[in-house]
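Encoded as structure tokens, the structure appears first; notes follow it.
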Amino acid sequence: MINEKLIKYFNQDIALAVISGLKKGTDCEFSKVTVRPFSSGDSVKYQFEYTVKAQVKHKNVSADELVGEVAELLENYFTQCMVYGSENDFHINCFNGKVKAKTMPPSKKVSVKAHNKKKEYILNEGEEIDFLIYLGVMTKEGKVVKAKYNKFRQINKYLELLKTSLDILPTDRPLKIVDFGCGKAYLTFALYYYVVKILGRQADITGLDLKEDVIDYCNKVAKDLNYTTLEFQKGDIKDYDRTQDVDMVIMLHACDNATDEGIVQSLRFNAKIIIAVPCCQHEFFKQIGNENLQPLLQFGILKERFSALATDSLRAQILKALGFDVSVMEFIDTEHTPKNIAIRAIRNGGFNQKEFDNYTAFRDYFNLKPYIERRLKEENILK
Numbered sequence: 000m001i002n003e004k005l006i007k008y009f010n011q012d013i014a015l016a017v018i019s020g021l022k023k024g025t026d027c028e029f030s031k032v033t034v035r036p037f038s039s040g041d042s043v044k045y046q047f048e049y050t051v052k053a054q055v056k057h058k059n060v061s062a063d064e065l066v067g068e069v070a071e072l073l074e075n076y077f078t079q080c081m082v083y084g085s086e087n088d089f090h091i092n093c094f095n096g097k098v099k100a101k102t103m104p105p106s107k108k109v110s111v112k113a114h115n116k117k118k119e120y121i122l123n124e125g126e127e128i129d130f131l132i133y134l135g136v137m138t139k140e141g142k143v144v145k146a147k148y149n150k151f152r153q154i155n156k157y158l159e160l161l162k163t164s165l166d167i168l169p170t171d172r173p174l175k176i177v178d179f180g181c182g183k184a185y186l187t188f189a190l191y192y193y194v195v196k197i198l199g200r201q202a203d204i205t206g207l208d209l210k211e212d213v214i215d216y217c218n219k220v221a222k223d224l225n226y227t228t229l230e231f232q233k234g235d236i237k238d239y240d241r242t243q244d245v246d247m248v249i250m251l252h253a254c255d256n257a258t259d260e261g262i263v264q265s266l267r268f269n270a271k272i273i274i275a276v277p278c279c280q281h282e283f284f285k286q287i288g289n290e291n292l293q294p295l296l297q298f299g300i301l302k303e304r305f306s307a308l309a310t311d312s313l314r315a316q317i318l319k320a321l322g323f324d325v326s327v328m329e330f331i332d333t334e335h336t337p338k339n340i341a342i343r344a345i346r347n348g349g350f351n352q353k354e355f356d357n358y359t360a361f362r363d364y365f366n367l368k369p370y371i372e373r374r375l376k377e378e379n380i381l382k
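Just so we're aligned, residue 0 is where the sequence shown starts under numbering that gives the first Met the number 0, counting upward by one.
If you want it as structure tokens, here you go:
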């Protein structure tokens, strides 16, 4: 793959890029591809214009997808790409996976800029942030790699979500935080950096994931960065056990009932704060039913979306019944992914019968048998 070889040529504001020079013997319907930036809300996207004889076809991609799209075209169909940028122009030649480029002074004015709305983040461009540099989000000079700008914003949105929650946790001892389903752990490293390096607090943070190679890699990164109280373990959420209580449990994109298992475990560990961004809600799709809602439930796509909302509503409500203050808010991963719902629950008391009655009324109205309720009873958390 030539993606990494191309990133440095696109790590600037782009005025125009022209991909041409069809490879011999290539079965390709288009003869040239022109790439232009355009504003989309507070971000920049890119329109690929494919020339097909006397016609053109268009495709829009996000900043994160730009280099990958160009790389695919150069690997499969074309031999050269002319990039007109704010800092330099590049004439790129690509043969047999090898990339060579001639550098020239910029010759075209950039009318659409990726950073024309300067926003103050928790982590700011220009700062040399070690984990972002290590993971390729920043250069060694503290400049955000253009293809990773959406990842940079996602990390900051995540920290903003956690910021107010962390303020209520004890300050006289190390915090205990568990991240269920940490994946490649960009956000886990961000959490450690924010808590330990920025806030100056002590914290023991554990990331859990099912993939052994991912865990090995994350532990290597933590060691290389000297993040001494950050560790990663291989394991399933429902099998994870510990003897110490936890201050905060985080689960991002735990699919379907994995979110419920994470909530159950959080309650077993007496977590003070639970942060969940659920996804892939399938449980209620086959269960949900009410004659009064037939006009809604008769359509598959509407039933699917409503079932997902009902799932998160019941999760939030049962947490309220168990003594938590609950907020439900929007959480966006990246520019090109759908908006998700984040549930933030902060322990603030004991069992609340009125809130539980609201839970059961909602549950029964839609003829639901929630997995989370059964698991809470199995663990004697709910009577």
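A virtual CB, placed ideally from N, CA and C, is assigned to each residue, including glycine.
Report the CB separation of residue i from residue j in whole angstroms; it is logged as a contact under 8 Å.
| i | j | result |
| --- | --- | --- |
| V109 | D12 | 5 Å |
| R374 | E290 | Not really, about 29 Å apart at Cβ, beyond 8 Å. |
| L308 | R362 | About 14 Å separates the two Cβ atoms, so there is no contact after all. |
| F9 | V66 | 5 Å |
| D463 | G182 | Since the first residue of the chain shown is 0 and the last is 382, residue 463 is not available in this structure. |
| A62 | V43 | 6 Å |
| N92 | T102 | Not quite, the Cβ-Cβ distance comes to about 13 Å (not below 8 Å), so this is no contact. |
| L186 | I176 | About 12 Å; that fails the 8 Å criterion. |
| S19 | Q79 | 6 Å |
Answer with buried or exposed for residue i, where buried requires no fewer than 16 other C-beta atoms within 10 angstroms of its C-beta.
| i | result |
| --- | --- |
| M247 | buried |
| P277 | buried |
| H114 | Any reading at H114 must be qualified, since the residue scores a pLDDT of 48, below 50, and its modelled position is unreliable; the value itself is stated next. Label assigned to H114: exposed. |
| P169 | exposed |
| A53 | exposed |
| F77 | buried |
| K116 | Caution is warranted here: a pLDDT of 45 is assigned to K116, below 50, making its placement in the model unreliable, and no coordinate value can be reported. |
| L174 | buried |
| I249 | buried |
| T163 | exposed |
| F37 | exposed |
| D178 | buried |
| R152 | buried |
| I262 | buried |
| P369 | buried |
| Q280 | buried |
| E3 | exposed |
Alpha carbon to alpha carbon, how far is residue j from residue i? Give it in angstroms, no decimals.
| i | j | result |
| --- | --- | --- |
| F323 | I128 | 35 Å |
| V17 | S106 | 14 Å |
| F188 | N347 | 28 Å |
| D41 | L367 | 41 Å |
| N351 | K382 | 12 Å |
| N339 | I1 | 32 Å |
| K7 | E354 | 55 Å |
| K222 | P104 | 41 Å |
| K142 | F130 | 13 Å |
| F268 | V245 | 6 Å |
| E334 | F298 | Low confidence applies to E334: its pLDDT is 43, below 50, so where it sits in the model is not reliable enough to give any reading. |
| V51 | T33 | 12 Å |
| H57 | A360 | 50 Å |
| K22 | T205 | 50 Å |
| T321 | G349 | For clarity, residue 321 is Leu in the given sequence; the question names Thr instead. So the alpha carbons of these two residues sit roughly 6 Å apart. |
| A253 | T25 | 43 Å |
| T336 | I154 | Low confidence applies to T336: its pLDDT is 44, below 50, so where it sits in the model is not reliable, and the reading given next is rough at best. If I take the Cα positions, the gap works out to 15 Å. |
| K376 | G96 | 58 Å |
| G84 | V111 | 11 Å |
| D255 | E329 | 18 Å |
| T138 | K210 | 28 Å |
| F284 | G234 | 28 Å |
| L165 | I121 | 14 Å |
| S371 | T258 | The sequence shown places Ile at residue 371, rather than the Ser named in the question. The straight-line gap from Cα to Cα measures roughly 9 Å. |
State the start and end residues of the unbroken alpha helix (DSSP H) segment that holds residue i.
| i | result |
| --- | --- |
| Q352 | Q352 to Y364 |
| I214 | E211 to D223 |
| E126 | That residue, E126, is in no alpha helix (DSSP H); it is neither H nor E in DSSP. |
| E303 | G299 to A320 |
| A294 | Reading off the sequence shown, one finds Pro at residue 294, where the question assumed Ala. Start and end: Q293 to L296. |
| F283 | F283 -> no alpha helix (DSSP H), and no H or E assigned at all. |
| S265 | N256 to R267 |
| C189 | The sequence shown places Ala at residue 189, not Cys. First-last of the alpha helix (DSSP H) with A189: Y185 to Y191. |
| I6 | N2 to F9 |
| N149 | Y148 to L165 |
Beta strand (DSSP E) containing residue i: first to last residue?
| i | result |
| --- | --- |
| G349 | From DSSP, G349 is part of no beta strand (DSSP E); its letter is neither H nor E. |
| N59 | Q54 to S61 |
| A202 | A202 to D208 |
| R35 | K31 to S39 |
| S42 | S42 to V51 |
| E230 | L229 to K233 |
| I380 | Here I380 belongs to no beta strand (DSSP E), and DSSP marks it neither H nor E. |
Is the Cβ of residue i closer than 8 Å to any Cβ of chain B?
| i | result |
| --- | --- |
| S42 | Protein chain content of the structure displayed is limited to a single chain, and chain B is not contained in it. |
* How about the segment 124-138 and the segment 300-318: do they share at least three Cβ pairs that are nearer than 8 Å? -> Contact fails: fewer than three Cβ-Cβ distances are below 8 Å.
* Quick check: the segment 230-239 against the segment 147-165, are there 3 or more CB pairs under 8 Å? -> Result no; under three Cβ-Cβ pairs closer than 8 Å.
* Would you be able to state if there are at least three C-beta pairs under 8 Å between the segment 136-151 and the segment 192-210? => Contact between the segment 192-210 and the segment 136-151 is absent, because fewer than three Cβ pairs lie under 8 Å.
* **Validate contact between the segment 264-284 and the segment 340-353 using beta carbons, cut 8 Å, 3 pairs** => Segments in contact, yes.
* Mind the definition here: the segment 238-257 touches the segment 209-226 only if three or more C-beta pairs lie below 8 Å; say whether that holds. => No, they do not touch.
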